[in-house]
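Novice: Each residue of the sequence shown is one higher than the last, beginning at 17 in the working numbering.
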Amino acid sequence: MSSLYNAFFGFRENPFNLTPDPVFLYRSHQHEEALSSLIYGVQSRKGFIALTGEVGTGKTTLLECLRDALTQQRIDFATIFNSRLTVAEFFEMVNYDLALGCNPPTKTQVLLALNDTLLQNTRNGSTTVLIVDESQNLSWEVLEEIRLLGNLENRAGKLLQIIMAGQPEFDRILDDPTYRQLKQRVALRCTLRPFGESDTRQYIYSRLSTAGCADPEALIPDHVIAEVHVRTQGIPRIINSVADNLLLIAFAMSEKQVTLKMLDEVSNDLRLEWGAQRVSRERIFDDQHYPHKLAGRRE
17 MSSLYNAFFG
27 FRENPFNLTP
37 DPVFLYRSHQ
47 HEEALSSLIY
57 GVQSRKGFIA
67 LTGEVGTGKT
77 TLLECLRDAL
87 TQQRIDFATI
97 FNSRLTVAEF
107 FEMVNYDLAL
117 GCNPPTKTQV
127 LLALNDTLLQ
137 NTRNGSTTVL
147 IVDESQNLSW
157 EVLEEIRLLG
167 NLENRAGKLL
177 QIIMAGQPEF
187 DRILDDPTYR
197 QLKQRVALRC
207 TLRPFGESDT
217 RQYIYSRLST
227 AGCADPEALI
237 PDHVIAEVHV
247 RTQGIPRIIN
257 SVADNLLLIA
267 FAMSEKQVTL
277 KMLDEVSNDL
287 RLEWGAQRVS
297 RERIFDDQHY
307 PHKLAGRRE
C-alpha cells in the first residue's frame with residue numbers, strides 16, 4: 017500500500033510521518049534560532065538550558081537534530097525520554113546512557129562515576145550533555161537531583177550541560193517560587209511557537225520537496241494551504257496529520273491535487289476545531305450547561 021501511495025505521487029518516502037525525523041526538519045527562523053542556541057549553550061558550557069513549546073511544535077525533532085550534532089562532535093550525552101521516574105530510576109538511566117558501568121547503579125556510585133567522566137571529558141577538551149524531554153512531568157525530587165547536578169563546575173564552566181525540554185507547563189514550574197533555585201541556574205530559555213501562515217506553507221512544501229515531489233504547489237494549492245493553516249492553528253504535528261490524510265484521500269480517489277472538499281472531510285474525521293467554530297461550540301455548551309452565563313450575556 018505505502019509503495020503504491022509513494023509511487024502515485026512520485027515520493028521517495030512518506031513526507032508527513034508523525035515520527036520525528038531530522039531529514040524533514042523545516043528550518044524556520046525560530047527553529048534555526050532555537051537549535052543554534054542549544055548548540056551554543058552546550059559549546060559555551062552554560063549549564064542549564066530550557067526549551068519549551070506547545071504540544072506538537074517540534075521540540076522532539078529539534079532534540080533529534082541536537083543529538084545528531086552532538087554525535088558528529090563526539091560529545092557524550094544521555095537522554096531521559098520518560099520523565100515519570102523515581103530518583104533511583106533517574107540515576108539508572110544516566111548510568112546506562114553514559115555507560116558509566118555502575119553495578120548496582122546506586123545514586124552514590126553513579127555520582128562518583130559521573131564526576132570522573134565529566135572531569136575526564138573536560139580534560140580532553142570536551143563536555144557532557146544531559147537531555148531531559150517532557151520535563152513538565154518530573155517530580156520535585158528528581159528536579160532537585162537535576163538541579164544539584166548543575167553544581168558540578170570548574171573555572172572553565174559547567175561540567176554537565178543540562179537541556180530540559182517541555183510543554184508550557186514547565187515554564188510555569190520554573191516561574192514558581194518553589195523552584196527559584198532551579199530558575200536562577202537557567203542560562204538560556206528557548207520557546208517554540210505555532211507557525212504563521214507563511215511558515216505553514218513553506219513547511220508543507222519543504223516536506224513534499226524533501227520526499228521527492230516535483231511540484232508541491234500543484235499537489236496542494238495555495239488556497240488549500242491557507243485553510244490548512246487556519247484549521248491546524250499552525251501546529252506542525254497537526255499539519256502532518258491533516259496533510260497525510262489529505263493525500264490518502266487523493267490517492268484513494270486517484271486525484272493528483274487535493275481540494276477544500278477533501279479538507280472538510282479530513283477536518284470532520286480528525287474532529288478539528290478552530291476559530292469561530294470553536295467559539296460557537298463553546299457557547300452552545302455554556303448555554304446548555306451554564307444557563308447563568310447566558311443570562312449574564314443577555315443582561
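Note that the Cβ used here is the ideal one computed from N, Cα and C, for glycine as well.
Return the residue from the list Leu276, Ile251, Phe64 and Ile255 that minimises the CA-CA distance to Ser151.
Specialist: Position 135 of the sequence shown holds residue 151. Minimum Cα distance to Ser151 is reached at Phe64.
Novice: Does the segment 37-51 come into contact with the segment 181-190, if we say contact requires no fewer than three beta-carbon pairs (one atom in each stretch) closer than 8 Å?
Specialist: no
Novice: According to DSSP, is Leu51 helix, strand or coil?
Specialist: Here residue 51 is taken as the residue at index 35 of the sequence shown, counted from 1. Three-state result, Leu51: helix.
Novice: Looking at Val282 and Pro237, is the spacing between their C-beta atoms short of 9 Å?
Specialist: The residue labelled residue 237 in the question sits at position 221 within the sequence shown. The residue labelled residue 282 in the question sits at position 266 within the sequence shown. It is not a contact, given that the beta carbons lie outside the stated cut-off.
Novice: For the segment 124-138 against the segment 69-76, are there 3 or more C-beta pairs whose distance is under 8 Å?
Specialist: no
Novice: Between Gly182 and the rest of its own chain, which residues show a CB-CB distance below 7 Å, the 5 nearest in sequence each way excluded?
Specialist: For the purposes of this step, residue 182 is identified with residue 166 of the sequence shown, where counting begins at 1. Hits under 7 Å: Thr68, Glu150, Ser151 and Gln152.
Novice: Opposite Asn170 in the DSSP bridges: which residues?
Specialist: Counting from 1 along the sequence shown, the entry for residue 170 is found at position 154. DSSP output for Asn170 lists Gly173 as bridge partner(s).
Novice: Confirm the yes/no value for this check: CB of Val240, any heavy atom of the ligand GTP, distance under 8 Å.
Specialist: For the ligand GTP, the structure offers nothing, since it holds no ligand at all.
Novice: Does Cys206 come out as helix, strand or coil in the three-state DSSP assignment?
Specialist: In the sequence shown, residue 206 corresponds to position 190, counting from 1. Three-state DSSP puts Cys206 in a strand.
Novice: Please report the distance separating the alpha-carbon of Glu169 from that of Leu175.
Specialist: Looking up residue 169 in the sequence shown gives position 153. Looking up residue 175 in the sequence shown gives position 159. Using only the alpha carbons, I get a separation of about 5 Å.
Novice: Assuming Val244 and Ile251 form a contact by the criterion Cβ under 8 Å, report the distance between their Cβ atoms to the nearest whole angstrom.
Specialist: As a first step, residue 244 is located in the sequence shown; it is residue number 228 there, counting from the start. As a first step, residue 251 is located in the sequence shown; it is residue number 235 there, counting from the start. Actually they are not in contact, since the Cβ atoms of Val244 and Ile251 sit about 11 Å apart, beyond 8 Å.
Novice: According to DSSP, which residues form a beta bridge with Asp92?
Specialist: Within the sequence shown, numbered from 1, the residue matching residue 92 stands at position 76. Asp92 pairs with Thr144.
Novice: Return the first residue and the last residue of the alpha helix (DSSP H) that Leu264 is part of.
Specialist: Against the sequence shown, residue 264 aligns to sequence position 248. Pro252 to Ala268 is the span of the alpha helix (DSSP H), which, as asked, contains Leu264.
Novice: Within the continuous beta strand (DSSP E) that includes Phe97, where are the two ends?
Specialist: Taking the sequence shown and counting its residues from 1, the one referred to as residue 97 is at position 81. Counting along the chain, Phe97 falls outside any beta strand (DSSP E), and DSSP gives it neither H nor E.
Novice: In terms of residue numbering, what span does the beta strand (DSSP E) encompassing Leu67 cover?
Specialist: Residue numbering aside, residue 67 sits at position 51 when the sequence shown is read from its first letter. Segment Phe64 to Gly69, the beta strand (DSSP E) holding Leu67.
Novice: Between the Cα of Ala94 and the Cα atoms of Leu134, Tyr56, Ser60 and Lys75, which residue gives the shortest distance?
Specialist: The count along the sequence shown starts at 1 and reaches residue 94 at position 78. Comparing Cα positions, the closest option is Leu134.
Novice: Exposed or buried, what is Leu34 when buried is set at 16 or more other beta-carbons lying within 10 Å of its beta-carbon?
Specialist: On the sequence shown, position 18 is the one that residue 34 refers to. Its Cβ having fewer than 16 others within 10 Å, Leu34 is exposed.
Novice: Is the Cβ of Leu114 closer than 9 Å to any Cβ of chain B?
Specialist: Included in the structure is just one protein chain, with no chain B present.
Novice: Using the C-alpha atoms, what's the distance from Pro184 back to Met278?
Specialist: One-based indexing of the sequence shown puts residue 278 at position 262. One-based indexing of the sequence shown puts residue 184 at position 168. Separation of Met278 and Pro184 (C-alpha to C-alpha, rounded to the nearest whole angstrom) is 33 Å.
Novice: Along the chain, where does the alpha helix (DSSP H) that runs through Ile241 open and close?
Specialist: Walking along the sequence shown from the start, residue 241 turns up at place 225. Asp238 to Thr248 is the span of the alpha helix (DSSP H), which, as asked, contains Ile241.
Novice: Under 8 Å by Cβ, that's how I've got Leu276 and Val240 pegged, so tell me the actual separation to the nearest angstrom.
Specialist: By 1-based counting over the sequence shown, the position of residue 276 is 260. By 1-based counting over the sequence shown, the position of residue 240 is 224. About 6 Å; that satisfies the 8 Å criterion.
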